[in-house]
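Just so we're aligned, residue 141 is where the sequence shown starts under the numbering used here, counting upward by one.
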Amino acid sequence: MAEELYELGYTQCEQLNRAVQISGSWDDVYKLNLFCRCAISILVEIDQFFIQSEEDLYKRSLQIKWHEIFDVNKTFAVKGAIFSPIFKNTHYPFLLVKDAIVDTFNKRFNQRPNIDVKTPNVLFDLYIKDKQVTISVNTSGLPLFQRGYRSSVGAAPLNEVVAACLVRMSGWDRKQTFVDPFCGSGTILIEAALLAAGIPSNIERQHYAFKNLKNYNAKCWEDIYQGATRIVRQLPCNIIGGDISDEMVLKARRNLRKFSFGRLVEISSTSFDQLKMEPPVFILTNPPYDQRLAANILDLYGQLGTWLKHKMAPSSVCIISSSREGFNAIGLKASAKHLVYNGDIECEFRKYELFEGKKDLN
Ligand SMILES: C[S@@+](CC[C@H](N)C(=O)[O-])C[C@H]1O[C@@H](n2cnc3c(N)ncnc32)[C@H](O)[C@@H]1O
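This is how it looks when you write it as structure tokens:
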């Protein structure tokens, strides 16, 4: 995230636990929602304070001018994370803040906003670490991996934000031929193509919770949205995908059709080892792994390793998988390993540099 923000021109950025923080204006909030590929949500801090007791949370929350943030006719919800011995029940802090919001409106207007836990118009984030409370408004609402471009998914799709982060972490230069030989519904290919084309990953998304806030400036948002690149006639590199399943290939093609570059991405219905391409290429892929897809993992990964060694050198290869046995069966020495999560599945992301000759063998 920090690296992506730097590229977007936000050079002063503090890294927190699973978050990064910058200072900015509401223009920046709109820009970040549209342009960040690696963020799940963009939060704007409303207040930060210390508490000694449960009651303190309610009292301090009553002091926030909620009615200046949203109108009584909007629905809302309070979500977040609690790491504090002050609360025995970790649901209770959310109820306290919700009560403070409702009571603020009731007192002022004799009217209260309704709660909608599933699809609220306005979403607040409550984070409590020991005695420190941070309350933010979640300006994205639905998580930003809901990009609006993927209507067809397979049995084990990769979350779009994870795919974007992997493309970034892989170090791909956005010029070398990019290949996903196990492309499924095409998430990695689409995120790679969007990055290479300079099109925001959220260009197809219309829903943002900031549109429901009182300070929403429609003109400012429209200027930012209309100013973004959305159409390209060519890509700066070849992007190639393949999948053994005809059904998945159809899904990937259907998802790609939403974009101007859709026809420029070649997808073949074939096993990885029959994919037509000449090394050197840049491979980033998510082969099947046991938790979600039944497959004879060890055989498949063994064949993948042999194909990479004998057919694909010299190339760079990045693989995300939760199967340690699978990685062992590949039989190549990784140049980098990272622990990553795909949803709640713990995975590893390994990078390999394939050289001609025997240098890369274990
Ligand atoms: C984990 S899924 C990939 C999901 C993909 N990243 C997405 O976001 O939709 C693995 C894919 O590998 C495909 N597959 C299995 N064996 C294959 C083979 N030998 N060659 C090519 N694809 C294969 C499956 O059909 C499945 O779509």
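Glycine residues also receive a C-beta, built at the ideal position from the N, C-alpha and C atoms.
Just so we're clear, the structure is a prediction, and the values are computed from it rather than from any experiment.
- Annotation: the continuous beta strand (DSSP E) that includes I460 extends over 455 to 461.
- A direct Cα-to-Cα measurement between C323 and K359 gives close to 39 Å.
- Secondary structure of T274 (DSSP, three-state): strand.
- For L298, the shortest separation between its Cβ and any heavy atom of ligand 1 lies below 6 Å.
- Going by DSSP, V389 is part of the alpha helix (DSSP H) stretching over 386 to 396.
- Separation of I364 and S280 (C-alpha to C-alpha, rounded to the nearest whole angstrom) is 16 Å.
- For T259, the closest C-alpha among the options L479, V218, F489, T317 is that of V218.
- The nearest non-hydrogen atom of ligand 1 is less than 6 Å from the C-beta of D383.
- Just measuring C-alpha positions, the residue of E194, K473, P340 sitting nearest L174 is P340.
- L494 sits close to S455, with the two beta carbons spaced by under 7 Å.
- Along the region 165 to 196, the alpha helix (DSSP H) occurs as fully enclosed runs of 4 or more residues at 166 to 175, listed in sequence order.
- In its chain, beyond the 5 residues on either side, C178 have a beta carbon closer than 7 Å to the beta carbon of C305.
- Following the DSSP letters along the chain, one finds V405 inside the beta strand (DSSP E) bounded by residues 405 to 409.
- For ligand 1, no non-hydrogen atom lies closer than 6 Å to the CB of G311.
- Its chain contains G382, D383, I384, S385, D386, V389 as the residues whose beta carbon lies nearer than 8 Å to that of S409, once the 5 sequence neighbours on both sides are disregarded; these appear in chain order.
- Ranked by Cα distance from S276, the first of P420, S201, E185 is E185.
- At the C-beta level, S201 and A240 come within 7 Å of one another.
- Taking the CA atoms as reference points, Q316 sits about 52 Å from L235.
- CA-to-CA, the gap between V421 and A332 works out to about 14 Å.
- Of all alpha-carbon atoms in V480, I162, L156, E406, the one lying nearest the alpha-carbon of Y146 is that of I162.
- Per DSSP, I485 is one residue of the beta strand (DSSP E) stretching across 485 to 494.
- Across the set F245, N213, I268, the C-alpha of I268 shows the shortest separation from the C-alpha of P225.
- With respect to I191, V273 sits close: the two C-beta atoms are nearer than 7 Å.
- Scanning the region 311 to 394 for uninterrupted alpha helix (DSSP H) segments of 4 residues or longer gives 327 to 337, 358 to 367, listed from N- to C-terminal end.
- Burial state of A295 is exposed, judged by a 10 Å Cβ sphere holding fewer than 16 other Cβ atoms.
- For a cut-off of 8 Å, the C-beta gap from L438 to A469 is around 5 Å, short enough to register as a contact.
- R373 counts as exposed, since fewer than 16 other C-beta atoms from the protein chains shown sit within 10 angstroms of its C-beta.
- DSSP lists no bridge partner for Y146.
- When secondary structure is reduced to three states using DSSP, E300 falls in the helix class.
- For V293, no beta strand (DSSP E) segment is defined, and its DSSP state is neither H nor E.
- Rounded to whole angstroms, the separation of the alpha carbons of N157 and D196 is 25 Å.
- Relative to D313, the option among H478, A337, C153 whose CA is nearest is A337.
- In this structure, F401 lies away from L440, with their beta-carbon atoms at least 7 Å apart.
- Contact check for L415 against P321 passes: the beta carbons are separated by less than 7 Å.
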